[in-house]
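Novice: 4 is the number of the first residue of the sequence shown in the numbering used here; add one for each residue after it.
C-beta atoms are modelled at their ideal positions from N, C-alpha and C, and glycine is treated no differently.
These numbers come from a predicted model, not from an experiment.
Starting off with a structure, shown below.
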Amino acid sequence: MSRFFPITKRIFRWVLYIALALVAILFIVIESFDRYVSSEKGTRWWYKDIPRQDWTINYTPSGLRYLEIGDANKQPLLLVHGAPGSVMDWSAVAKRERIYEKYRLLVVDRPGYGGTKPRGAEKDLKVHAEKILEVLEGETQKAVIMGHSYGGPIAVIMGALQPEKIAKIVGVSGQYDPDNEVTFRISYFLNFKIFRFLLPRMLWVSNVEKLSHPDALRNILPLYPKISVPVVLIHGDADTLVPYPNSPFLMELMKNDKELVTIADGDHPLQMQAPDMLADFVLNTEQVPAEVTLEEEGELAK
4 MSRFFPITKR IFRWVLYIAL ALVAILFIVI ESFDRYVSSE KGTRWWYKDI
54 PRQDWTINYT PSGLRYLEIG DANKQPLLLV HGAPGSVMDW SAVAKRERIY
104 EKYRLLVVDR PGYGGTKPRG AEKDLKVHAE KILEVLEGET QKAVIMGHSY
154 GGPIAVIMGA LQPEKIAKIV GVSGQYDPDN EVTFRISYFL NFKIFRFLLP
204 RMLWVSNVEK LSHPDALRNI LPLYPKISVP VVLIHGDADT LVPYPNSPFL
254 MELMKNDKEL VTIADGDHPL QMQAPDMLAD FVLNTEQVPA EVTLEEEGEL
304 AK
């Protein structure tokens, strides 16, 4: 019996060492992949299968990186990712060839993510909106803005800040209610500064955003009633990361032309789960019913 416990302790110690090593390797892989895809070479590899070859990687004066895909004479469709995220999030939508019949895509890396500089967390959602609006400087046509998850409130308040540049806003699985947010306990543990050097950059930035989001969302609540451009909110009623009631919450605050489209059984990553539906939606918004099932994906353009 006396030999059993030392052997058990050694086994436990080695299991712990192996687990920590695997976590470290995973973090290195995530960070390496994020840095690669954030580079010009990596971004071009990630978007190699899109149907258009006439696209460029651009930067605003403040350092925000964005992709421009399609005919310069088409109306801009600006896509804003969530957290964590990057231009990678929208590649499935960008592969839908029919979307270029009407739009030129502008796909951004939000402040702190991807190839945007500086590579630190920005807590203020209004700052995010202002920096992304720089992408629309010089545009002669009003843009359609589509934001997913934490990109949802950013896209929406862009309509309050510069409505003259925006034709319509589409929020997808957006987080709008500061009192109705899913926060995992590990997020508080990872808030210790040591994890800034241990975690992959995009996970650290995302965690900082996550913990500051209730206050950030409260700060922009006064902007919602000031929105004058049309807003359409799309949300899955089975969303496990951003609860569905977030979108009805925002609907009550806005006084503009607004619509809520419920995706029956839809979960959070709709831009990956149902890219055909989103492409068809922005091409034919007037044909979309108030409730859609994922089985109807691809039917909206018919």
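Give me the residue from 143, 246 and 133 with the minimum Cα distance to residue 165.
Specialist: The residue with the shortest Cα to Cα distance from residue 165 is 133.
Novice: With three or more beta-carbon pairs closer than 8 Å as the criterion, would you say the segment 235-255 touches the segment 209-216?
Specialist: The segment 235-255 is not in contact with the segment 209-216.
Novice: Run through the DSSP bridge pairs and tell me what residue 147 is partnered with.
Specialist: DSSP, once it has assigned bridges, lists 80 and 171 as partnering residue 147.
Novice: Using DSSP with H/G/I as helix, E/B as strand and the rest coil, what is residue 109?
Specialist: Three-state DSSP puts residue 109 in a strand.
Novice: Taking 8 Å as the threshold, find out whether the segment 26-45 comes into contact with the segment 74-82 through three or more Cβ pairs.
Specialist: The segment 26-45 vs the segment 74-82: no contact.
Novice: Could you tell me which of 196, 141 and 151 sits nearest to residue 178, measuring between CA atoms?
Specialist: Nearest option by C-alpha distance: 151.
Novice: For residue 67, which residues of its own chain have a beta-carbon under 6 Å away from its beta-carbon, when the five flanking residues on both sides are left out?
Specialist: For residue 67, where only same-chain residues beyond five positions count, the Cβ hits under 6 Å are 119 and 134.
Novice: Within its chain, find whatever has a CB closer than 7 Å to the CB of residue 259; leave out the 5 residues flanking it on each side and keep chain order.
Specialist: Correct list, in chain order: 230, 231, 232, 233 and 234.
Novice: Rounded to whole angstroms, what's the CA-CA distance from residue 287 to residue 86? Just pull it up for me.
Specialist: The alpha-carbon atoms of residue 287 and residue 86 are separated by roughly 28 Å.
Novice: Contact between the segment 269-280 and the segment 91-99: three or more CB pairs below 8 Å?
Specialist: Flag = yes, the segment 269-280 and the segment 91-99 touch.
Novice: Look at the Cβ atom of residue 174, then the Cβ atom of residue 237, and state whether they are nearer than 8 Å.
Specialist: Yes, Cβ-Cβ distance for residue 174 and residue 237 is below 8 Å.
Novice: Counting only runs of 3+ residues fully inside the segment 9-87, write out the beta strand (DSSP E) ranges in chain order.
Specialist: Counting whole runs of 3 or more residues, the segment 9-87 contains the beta strand (DSSP E) stretches 58-62, 68-72 and 78-83.
Novice: Let me know the beta strand (DSSP E) ranges lying completely inside the segment 197-268, each 3 residues or longer, listed in chain order.
Specialist: Listed in chain order, the complete beta strand (DSSP E) runs (minimum 3 residues) inside the segment 197-268 are 234-239 and 261-267.
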